[in-house]
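Student: Per our numbering, the very first residue in the sequence shown carries number 1; after that it's consecutive.
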Amino acid sequence: MTATRSAMNSLPDAFDHFAMRILPAGLSDAAHLRFQSLARYEKLECDQSLDFSDAGPHILFLARGSIKLVAHASRSRDQIVAFHFGGEMLSVPRRDHYSYSVCALRQCRIVSFPTADFLELAADDAIVMGCLLDRATMSLQRCREKAIALGRKTASERIAIFLIGMADRIGNVQEGRILLDLPMSRRDIAESLGLTIETVSRRLSALRADGAIETVGRSGIILNDLAALHGRAGFLCEAA
1 MTATRSAMNS LPDAFDHFAM RILPAGLSDA AHLRFQSLAR YEKLECDQSL
51 DFSDAGPHIL FLARGSIKLV AHASRSRDQI VAFHFGGEML SVPRRDHYSY
101 SVCALRQCRI VSFPTADFLE LAADDAIVMG CLLDRATMSL QRCREKAIAL
151 GRKTASERIA IFLIGMADRI GNVQEGRILL DLPMSRRDIA ESLGLTIETV
201 SRRLSALRAD GAIETVGRSG IILNDLAALH GRAGFLCEAA
């Protein structure tokens, strides 16, 4: 299912959230309005997709919800590139060797900007550019971590790294434990990590048997021992 692009003023609260998180407090009203004039608003229900095949590169701000960024190759071969959550920004590349779409894991609200126009405006404000650089650096670090995991890590290490990353991004600390309400399916996790669903289930079962995690329903995971997960991730500090 593909969402229809909404009218510009349909979700102004989404832009307000973007402005609060990204734009500096001292930004002039004129500059604020220029950013707002570029913005387009999308509301996606669960499993709805937004296709950027013919839209050119875009910068997205996810005001609420969660999405997966999907790359489409030939013969309908798709790859989940990344997961993103409320308050995060992401870059959707232009169509080249692959085309791209975003798919809602849960109901979400998105503010989108054409990349070139957004960067032209942002270039006039060092704080906005600094914020973009910080987020781009963080995304690059995640991409590098994932590339190493896919190329060199075992299935158990990949699952541990995935859980550590989710703890950092959407974890809720309660009484010394970290609660995760994962919006993605086991199939999504498997596809993202280059594993089978059966392998993901077995590795999670092994972590549960060891007491490192608990599972709650279909989407809940409780991390009982984050240090133990770090020990299973194959990081340099653990191998030294």
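All C-beta atoms, glycine included, are put in the ideal place defined by N, C-alpha and C.
With DSSP as the reference, please indicate the residues paired to residue 220 in a beta bridge.
Tutor: Looking at the DSSP assignment, residue 220 forms a beta bridge with 181, 216.
Student: Under the assumption that residue 80 contacts residue 185 (Cβ atoms under 8 Å), give the Cβ distance between them as a whole number of angstroms.
Tutor: Residue 80 to residue 185, Cβ: 11 Å. No contact.
Student: Is the CB-CB distance between residue 70 and residue 103 below 7 Å?
Tutor: The answer is yes: Cβ separation under 7 Å.
Student: To which residues of the same chain is residue 156 closer than 8 Å at the C-beta, ignoring the five residues directly before and after it?
Tutor: Counting only Cβ-Cβ distances below 8 Å, and skipping sequence neighbours, we find 203, 206, 232.
Student: What is the rounded straight-line gap between the Cα of residue 214 and the Cα of residue 27?
Tutor: So the two alpha carbons sit approximately 46 Å from each other.
Student: Helix or strand or just coil, what does DSSP make of residue 42?
Tutor: Of the three classes helix, strand and coil, the one that applies to residue 42 here is strand, per DSSP.
Student: Return the CA-CA distance between residue 76 and residue 169, expressed in angstroms with no decimal places.
Tutor: The straight-line gap from Cα to Cα measures roughly 30 Å.
Student: Using C-beta distances below 7 Å, list every residue in its chain close to residue 196, excluding the 5 sequence neighbours before and after it, in chain order.
Tutor: Excluding residues within five positions, the ones whose Cβ falls inside 7 Å are 190.
Student: Between 153, 98, 83, 51, which lies nearest to residue 166 when the distance is taken from Cα to Cα?
Tutor: The shortest Cα separation from residue 166 among 153, 98, 83, 51 belongs to 83.
Student: Tell me whether the beta-carbon of residue 40 lies closer than 7 Å to the beta-carbon of residue 112.
Tutor: Going by C-beta atoms, residue 40 is nearer than 7 Å to residue 112.
Student: Residue 179 to residue 164, Cα distance in whole Å?
Tutor: So the alpha carbons of these two residues sit roughly 12 Å apart.
Student: On the DSSP bridge assignment, give the partners of residue 174 in chain order.
Tutor: Residue 174 is bridged to 177.
Student: Measure how close the beta-carbons of residue 246 and residue 132 come, nearest whole angstrom, since I'm counting them as under 8 Å.
Tutor: Absent from the structure is residue 246, since the part of the chain shown begins at 1 and ends at 240.
Student: Could you spell out where the alpha helix (DSSP H) holding residue 17 opens and where it closes?
Tutor: Segment 12–22, the alpha helix (DSSP H) holding residue 17.
Student: Tell me which residue opens and which closes the alpha helix (DSSP H) that residue 207 is part of.
Tutor: Its alpha helix (DSSP H) spans residues 197–209.
Student: Thinking just about the alpha-carbon of each residue, which of 30, 38, 25, 95 is nearest to the one in residue 259?
Tutor: Residue 259 is absent from the structure shown; the chain starts at 1 and stops at 240.
Student: Since I believe residue 60 is in contact with residue 258 (beta carbons under 8 Å), could you give me their beta-carbon distance rounded to a whole number of angstroms?
Tutor: Outside the shown range of the chain, which is 1 to 240, sits residue 258, and nothing can be said about it.
Student: Is it buried or exposed, residue 200, if we count other Cβ atoms within 10 angstroms and call 16 or more buried?
Tutor: The residue is buried, with at least 16 neighbouring Cβ atoms inside 10 Å.
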